[in-house]
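This report concerns only the one structure given below.
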Amino acid sequence: MLSIANKVIVKHAVTKIRDGDVLLTYGSSLAVEMILLHAHELGKQFRVVIVDSRPKLRGQQLLRRLVEKGLNCTYTHINAVSYIMHEVSRVFLGAESILSNGTVYSRVGTASVAMVAHASRVPVIVCCEAYKFHERVQLDSICSNELGDPDAISSVQGRVDVNHLDGWSDIENLQLLNLIYDAMPSDYVSMIVTDYGMVSLVLGE
0 MLSIANKVIV
10 KHAVTKIRDG
20 DVLLTYGSSL
30 AVEMILLHAH
40 ELGKQFRVVI
50 VDSRPKLRGQ
60 QLLRRLVEKG
70 LNCTYTHINA
80 VSYIMHEVSR
90 VFLGAESILS
100 NGTVYSRVGT
110 ASVAMVAHAS
120 RVPVIVCCEA
130 YKFHERVQLD
140 SICSNELGDP
150 DAISSVQGRV
160 DVNHLDGWSD
170 IENLQLLNLI
180 YDAMPSDYVS
190 MIVTDYGMVS
200 LVLGE
């Protein structure tokens, strides 16, 4: 069932990709990956910018798969997103859930990418299966979230020279916050693509 939903999303979303586009995505979304691969199979000429972040670095997995399929890719970290956004024509993002007030619940960092795109007047297209739509309302990322392992952000494997937080848990007045998700306001979203069709959040589109 999920495969069918993703195939329908791909069919809709691929119409938003044109020759010469520079498409940015964040992390690794299966739906977005399928869209990019299908557009490439159709012979569309475009470049993909993959923005990634620690500690998961899931964008590297997507990067490897796309490069192996022959797609032209650029890889960077989220701290450079405001620089690279000037080259981008569209942003494609996945979602963990879309709430009833239009808030997009996704991997932490997604809202930051969308905010930069919005400020740069770059359309943000969110790809999400209909079963992920939820009646809940959420305005921020703090009232409901998941916490990751704090040790994952306190050190970099193999880099003793930058691991300055060893023994952080013994420091009473220090707390590490490793959030898993964030909440993206609907104001940053130009279009939502689902297996039921496309919904434009911008007047006139």
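First residue of the sequence shown: 0, per numbering that gives the first Met the number 0; consecutive thereafter.
Every residue, glycine too, gets a C-beta built ideally from N, C-alpha and C.
Residue i, DSSP secondary structure in three states
i	result
Val13	helix
Val21	strand
Asn71	strand
Asp169	helix
Ile179	coil
Met0	Confidence at Met0 is low in this model, with a pLDDT of 48, below 50, so the placement of that residue should be treated as unreliable; the coordinate-derived value is given next. Reduced to three states, the DSSP call for Met0 is coil.
Leu164	coil
Run of the beta strand (DSSP E) containing residue i, from where it starts to where it stops
i	result
Tyr196	The residue asked about is misnamed: residue 196 is Gly in this sequence, not Tyr. Per DSSP, Gly196 belongs to the beta strand (DSSP E) from Gly196 to Ser199.
Ile191	Met190 to Thr193
Ile49	Phe45 to Asp51
Nearest-angstrom Cβ-Cβ length linking residue i and residue j, presumed shorter than 8 angstroms
i	j	result
Ser105	Glu95	5 angstroms
Val123	Tyr187	6 angstroms
Met46	Val66	Reading off the sequence, residue 46 comes out as Arg, not Met. At roughly 12 angstroms, the Cβ-Cβ gap does not stay under 8 angstroms, so Arg46 and Val66 are not in contact.
Residue i: first and last residue of the uninterrupted alpha helix (DSSP H) it sits in
i	result
Val30	Sequence check: residue 30 is Ala here, not Val. Segment Leu29 to Glu40, the alpha helix (DSSP H) holding Ala30.
Ile83	Val80 to Ile83
Along the chain, which unbroken stretches of the beta strand (DSSP E) at least 3 residues long are found entirely within the segment 86–150?
Runs found: 89–93, 103–106 and 123–126.
Could you tell me whether the segment 113–129 touches the segment 52–59, using the rule of 3 or more Cβ pairs below 8 angstroms?
Counting C-beta pairs closer than 8 angstroms gives fewer than three between the segment 113–129 and the segment 52–59, which falls short of the contact rule.
Whether or not the segment 7–23 and the segment 77–97 are in contact is what I'm after, with contact meaning three or more pairs of Cβ atoms, one per stretch, closer than 8 angstroms; do they touch?
Touching, yes.
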